[in-house]
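Positions in the sequence shown are counted from 1; adding 18 to them yields the numbering used here. The beta carbon of each residue, even a glycine, is placed where N, CA and C say it ideally should be. None of the values given here were measured: they were computed from a predicted structure. Here's the structure we're looking at; comments come further down.
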Amino acid sequence: MAEHVKRDLVSIEDLSTAEILELFHHADEFKANLHAWSDLCRGAIMATLFFEPSTRTRLSFESAMLRLGGGVISAAESGSTSRVKGESLADTVRVVGGSYADILVVRHPEDGAARVAARYATVPVINGGDGAHEHPTQTLCDLYTLWKEKGRLQGLEVVLCGDLRYSRTIHSFCYALARFGANIVTMPYPGFELPDYVLHRLRRDFGVQAATASVEDLPGLAGSSNAAAYLTSSKPHQLALFTKLGNVEVSRIDAIYMTRAQRERHEGQDTSDYPRVTPSTLSAASTKDARIMHPLPRVDEISYDLDDDPRSIYFRQAELGVPMRMALMAYLMGKIQLRAKQPDLLSVMPGSVMAGSVGAAGLRCRNERCITNNEGVRYLKRDFRVCDQESPPTLSCGFCTREIEARFVGNGTSRIVYRYSAAEVRRIKPANRVYFESEAQADAAGFAWQKS
Ligand code: CP
């Protein structure tokens, strides 16, 4: 039998589309009788390391492992761990992954923390939410629920509403919806639009392009959120289905995915007229068959009057989290095998150059919430991946995936730096290129400046 290779789930991109669909079928099997699987992971131990509050993610993972016959050890809050004494996440996972536990689920307030955990732990690491970056297992639950409700994901019209900037759930969900060929209408609360790096990635990796439109056709969504970005695709299957919604061509709304304002990640921003889904939202012809979704916790974004409406599926998303996470853990621990191929990173990221740790002598991630600018300052080496070599080169942080433009490229041997557009740059071997955002960065790294 082939040796089981460690797999982590840091981003939803760590699973191929075929793997996700096959996991849905396993989740169906687990769900059919939750009590029939207590031998599958007997003897295994899962550790939940949660440095941020959680109800659903931690408890559903713990329930899933107990239902699989394994055991659970848990650090349920930051204050109960040696983090308060200054221990790094890297040291924590090195200790807990191994003789303490066979699989780790980590939630952490800093963007990119899950990638750090995955790099340092010798056992599979699952991202239970890292800052505003990603929450891939919530996305698995969301996709699974929507797939069961609608029988497919391709071609669905999904409205994403509320705080799209800081909601890690939304970021993972966007990438997955784009990959499955769903159409996405973003309906942000003003000031909480989808971040540029997410939009760029949707465009670059999935051929999905942003446009804007009115959403006045959605009644009951009070507040001042009346602008929408509509994401269309160059792929023909996504263009064929559109009819009219406001100023946007869509056939119907299949799901409205509501999010709360992520107050823990933005201080003092007024959200007093935040949009709210009410019964009148579902009275429109366009929303007749829509499903109302929410990752929960709900604060005040969905009227309690909707809870008994069969189109409200937010509690079902949470319920299905247990069989979905049972399937995921059984897979990552090698207890079930899938026929599906693993993701081919080069096909997921067309045009990207997998440079690994590129010459990032002067680069610093621009995301102040990135772990490299917080606890990782003490021990993490900067790590960027070149996602676009041209006009100007774009690199993404290897931890939080935030992008930066490198307008200056140096030769690591001659220590001369050029503007990115200089002909000399094309003569530098990719592995020998050192990237800078500014002349000052190049100066500080000891590079001589050559104008061209
Ligand atoms: N959806 C979600 O992540 O919920 P918790 O914060 O309660 O885990």
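Check, Outcome
"Decide if phenylalanine 333 is buried, meaning its Cβ has at least 16 other Cβ atoms within 10 Å, or exposed.", "exposed"
"From what residue to what residue does the beta strand (DSSP E) around serine 92 run?", "89-93"
"Would the beta-carbon of arginine 72 be found less than 6 Å away from any heavy atom of the ligand CP?", "It should be pointed out that residue 72 corresponds to serine in this sequence rather than to arginine. Checking the Cβ of serine 72 against the ligand CP gives yes."
"Please report the distance separating the alpha-carbon of serine 290 from that of tyrosine 184.", "17 Å"
"Which of helix, strand or coil does DSSP assign to valine 111?", "helix"
"Taking Cβ positions, are leucine 350 and arginine 85 nearer each other than 7 Å?", "no"
"With which residues is proline 206 paired in a DSSP beta bridge?", "Gly180"
"Where valine 28 and arginine 387 are concerned, what is the direct C-alpha to C-alpha distance, given to the nearest angstrom?", "17 Å"
"Cβ-heavy atom distance between proline 411 and the ligand CP below 6 Å?", "no"
"Mind checking whether the beta-carbon of threonine 75 lies closer than 6 Å to any heavy atom of the ligand CP?", "yes"
"For proline 71 and glutamate 95, I'd like the C-alpha separation in whole angstroms.", "7 Å"
"In whole angstroms, what separates the C-alpha of isoleucine 149 from that of leucine 356?", "Sequence inspection shows glycine at residue 149; the isoleucine mentioned does not correspond to that position. One C-alpha to the other measures close to 30 Å."
"List the endpoints of the continuous alpha helix (DSSP H) containing leucine 195.", "186-198"
"Identify, in the order they occur along the chain, each residue of the same chain with its Cβ nearer than 8 Å to the Cβ of glutamate 80, setting aside the five sequence neighbours on each side.", "Met64, Thr66, Val90, Ser92"
"By how many angstroms is the C-alpha of aspartate 318 removed from the C-alpha of phenylalanine 454?", "45 Å"
"What residue range is occupied by the uninterrupted beta strand (DSSP E) comprising methionine 66?", "Reading off the sequence, residue 66 comes out as threonine, not methionine. Taken as a continuous stretch (DSSP letters only), the beta strand (DSSP E) holding threonine 66 covers 63-68."
"Which of the three DSSP states, helix, strand or coil, is assigned to lysine 253?", "Bear in mind that the predicted position of lysine 253 carries a pLDDT of just 42, short of 50, making it too unreliable to give a figure here."
"Consult DSSP for tyrosine 436 and reduce its assignment to one of helix, strand or coil.", "strand"
"Under the rule that 16 or more other beta-carbon atoms within 10 Å means buried, what is threonine 390, buried or exposed?", "buried"
"Tell me which residues share the same chain as phenylalanine 48 and place their Cβ nearer than 7 Å to its Cβ, disregarding the 5 neighbours each side in the sequence.", "Trp55, Pro341, Met344, Ala345"
"If you compare alpha carbons, which of Arg420, Phe402, Phe426 is closest to proline 410?", "Phe426"
"Between glycine 180 and alanine 62, what straight-line distance do the alpha-carbon atoms span, to the nearest angstrom?", "39 Å"
"Quick check on the DSSP output: what are the complete alpha helix (DSSP H) runs of length 4 or more inside the segment 328-362, in order along the chain?", "332-337, 339-350"
"Cα separation between arginine 451 and tyrosine 397?", "24 Å"
"Three-state secondary structure (DSSP) at serine 6?", "The structure shown does not extend to residue 6, since the chain is modelled only from 19 to 470, so the question has no answer here."
"Could you tell me whether the segment 300-313 touches the segment 200-211, using the rule of 3 or more Cβ pairs below 8 Å?", "no"
"Tell me, please, whether the segment 309-329 touches the segment 160-179 by the rule of three or more beta-carbon pairs shorter than 8 Å.", "yes"
"With a threshold of 7 Å between beta-carbons, can valine 114 be considered close to chain D, or not?", "Reference to chain D is not applicable here, since this structure consists of a single protein chain."
"Kindly list the residues whose CB is nearer than 6 Å to the CB of histidine 153, restricted to its own chain and excluding five residues on each side of it in sequence; keep chain order.", "Gly147, Arg186, Thr187, Ser190"
"Which of the three DSSP states is assigned to threonine 73 in this structure?", "coil"
"Please state the DSSP three-state secondary structure of glutamate 421.", "strand"
"Whole-angstrom Cβ separation of threonine 157 and isoleucine 30, contact assumed at under 8 Å?", "5 Å"
"Suppose the cutoff is 6 Å on Cβ atoms and the five residues either side in sequence are ignored; what does the same chain contact list for isoleucine 434 look like?", "Ala466, Gln468"
"Under three-state DSSP, which class holds phenylalanine 465?", "coil"
"Taking the alpha carbon of isoleucine 422 as the reference point, which residue from Thr431, Gly430, Gly416, Thr412 has its own alpha carbon closest?", "Thr412"
"Go ahead and label histidine 151 buried or exposed: buried means 16 or more other beta carbons lie within 10 angstroms of its beta carbon, across all protein chains shown.", "buried"
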